[in-house]
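S.K.: Have a look at the structure that comes next, please.
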Amino acid sequence: MPLRTHRVLNFLLMAALVAGVMLPVAAAQERQPAKVEFFAGYAYLDPRGEINTRKIENAPKGFGLSTTYFFHKNWGFTFDGGAHFGEGVQVGTLQIGPQFRYPTDTVSPFANFTVGWHRLGLDGVGTHDGIGFTTGGGLDLATWHERINFRLFEASYQYGRHSFGVGSGNKVDNSGARFRTGLVFRFGSLGPPPPPPSASCAASPSEVMAGEPVSVTATPANFDPKRALTYNWTATGGTVSGNAATTNVDTNGLQPGSYNVTTNISDGRKGAATCTASFTVRAPRPPTVSCSADPSTIRPGESSTITSRGNSPDGRNLTYNYSASMGAVTGTGTSARYTAGNDPGSATITCNVMDDRNLSASSTTMVNVEAPPPPPPPPAAPEASRLNQIAFKRNSARVDNAAKAILDDVALRLQRDADAKIAIVGSTADGESGRMLAAQRATNAKAYLVKEKGIDPSRIELRQGAKEGGIAIIWLVPSGATMPQDGTTAVTEPRKR
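All residue numbers for the sequence shown refer to numbering that gives the first Met the number 0, where the first residue is 0 and numbers rise by one.
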């Protein structure tokens, strides 16, 4: 392999290795096109050509410098110079011309054309200043630093014409290749200015009770991602803690109202931003309560269930108690029992609720205590009632078979109603003789019941005096009743005729 070709391959291999290291770093950076670029680096020149059959050797030692002023994102004007040294040869250039580039966030390919001074020095021959031009292109890579690019390669065709005396053998046409690599320093910017650092703050929750914590978070934007940020928190009320992106605010002892929390963010250089978040401390809200009774109407001595439905808008713990305008109420939870006294009327039940901050509320419900119904009227006093009668023949007191049949029914009635008695009232018809006939008729009827039917004689009362004909009237006298005595007299039982 020719020596000059080997050196070119080494040059390209070195540039590729450097690019492999820098390209991943550069990929994360966002760049604006630079207004001025200054290149400084290594240069390799193969000038080619010969003088008087003497071949001009390559110049592996050298450097290149260039400054490009861009008046457009893609177009600029380059001032380029370089010096190259080889075995018996020295080449220097100083040229100007246009340059085109296509910048992105990671790479910037370019092409240029320059023309100007071209010096060739040959040992044993001399030095000649001529005119030459260079045209070519290359590729720049973004690096970890916003202001520095790495020129992966620049490959150019370079021409220079020289004359070292009279005769065709003393004329030299350098028609060769130039390779360069190095660093590109970037100044200014042709793009829009980057947005200034900013930040937004948010409080969570934005409304609290005094004593409840508030968390405030700052979200920065447009800061240099390579720099660490510091946060300085302040608040118009409460105590802030921490210097990170999130801080906590202690609200113990704060009065109701609105408060601001502010942070000043800095990257330690020129990057700074401020943001503010607000939170509100609410005034404590008392609980509410509703009250109901079931049933709402009772009688003295009866009970009704009292139900309370309490609510705390602030989510506090609640306790309950009750009172009544009459009667008694017991219970301390959401349910209580009301017991009516002996007096009728409308009882007002008050349901009280209180939270753990001693804020309270009350509600009432009514229970109607009805008067008891009037006592039932006393039972009617038992009265004697006419049960039956038996008939006698004229001027006779004999109890015949028809009368006995009636008396048999009377006996059955007395047997069924063991507490009842009967009264037998003897009666005579007008014109009947015998002063004791009415009494005898009653007596004979009793005798039949006692002797024939086994009726206790004490259950039979005898009377006389009714003027209803030749009969004996039988009255049923329930327990507690008395026999009507109007127009009758008691009978002293005579002996039976």
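Heads up, the beta-carbon is just placed ideally off N, CA and C, and yes, glycines get one too. Model, not experiment: these values are computed from the prediction.
(1) Between which two residues does the alpha helix (DSSP H) carrying GLN31 extend?
(2) Run through DSSP, which three-state label would SER199 get?
(3) Taking Cβ positions, are ASN310 and THR333 nearer each other than 7 Å?
(4) Could you name the residues of the same chain whose beta carbon sits closer than 6 Å to that of LEU22, not counting the 5 residues immediately before and after it, in chain order?
(5) My assumption, with CB atoms under 8 Å, is that PHE163 sits in contact with HIS127. Please give the rounded CB distance.
(6) How long is the line joining the alpha carbons of GLN28 and LEU64, rounded to whole angstroms?
(7) Using the three-state DSSP reduction, which class does GLU451 fall into: helix, strand or coil?
(8) For LEU119, name the three-state secondary structure that DSSP assigns.
(9) Once DSSP output is grouped into helix, strand and coil, what is the label at ARG356?
(10) Which first and last residues belong to the beta strand (DSSP E) in which ILE55 is found?
(11) Going by Cα to Cα distance, which pick from GLY48, PRO46, ASN73 is closest to VAL35?
(12) Using the Cβ count rule (16 or more neighbours within 10 Å means buried), how would you classify VAL143?
(13) Below 8 Å, can you find three or more Cβ-Cβ pairs linking the stretch 466-473 to the stretch 423-438?
(14) Measuring alpha carbon to alpha carbon, tell me which of ILE348, PRO283, SER205, LYS54 ends up nearest GLN254.
(15) When DSSP builds the beta bridges, which residues end up paired with MET482?
(16) Check whether the stretch 236-249 touches the stretch 214-228, taking contact to mean three or more Cβ pairs, one atom from each stretch, closer than 8 Å.
(17) Can you tell me whether LEU317 is helix, strand or coil according to DSSP?
(18) Do TYR319 and THR331 have their C-beta atoms within less than 7 Å of each other?
(19) Among the residues of its own chain, which have a CB less than 6 Å from the CB of THR66, if the five just before and after it don't count?
(20) Taking the beta carbon of ILE130 as the centre, do at least 16 other beta carbons fall within 10 Å, making it buried, or is it exposed?
(21) Cutting at 8 Å between CB atoms, please list the residues of its own chain near ALA234, excluding the five before and the five after it.
(22) Counting C-beta neighbours from all protein chains within 10 Å, is the total for GLN484 16 or more, i.e. buried, or is it exposed?
(23) Run through DSSP, which three-state label would GLN414 get?
(24) Less than 7 Å separating the beta-carbons of ALA422 and VAL476?
(25) Distance check for PRO372 and PRO299, CA to CA, integer angstroms please.
M.R.: A quick look at the data gives this:
(1) GLN31 -> no alpha helix (DSSP H), and no H or E assigned at all.
(2) strand
(3) no
(4) Residue placement at LEU22 cannot be trusted, given a pLDDT of 47 that sits under 50; what the coordinates show is reported in the next sentence. Taken in chain order, the residues that qualify are LEU140.
(5) 6 Å
(6) Note that GLN28 has pLDDT 44, beneath the 50 cutoff, so the model's placement of it is unreliable and the number below is only indicative. Each residue's Cα considered, the two are about 26 Å apart.
(7) helix
(8) strand
(9) coil
(10) From DSSP, ILE55 is part of no beta strand (DSSP E); its letter is neither H nor E.
(11) ASN73
(12) This sequence places Trp at residue 143; Val is not what is there. Exposed, because fewer than 16 other Cβ atoms sit within 10 Å of the Cβ of TRP143.
(13) yes
(14) PRO283
(15) Paired residues: none, contrary to the question.
(16) yes
(17) strand
(18) yes
(19) PHE37, PHE78
(20) exposed
(21) VAL248, TYR258, ASN259, VAL260, THR261
(22) exposed
(23) helix
(24) yes
(25) 11 Å
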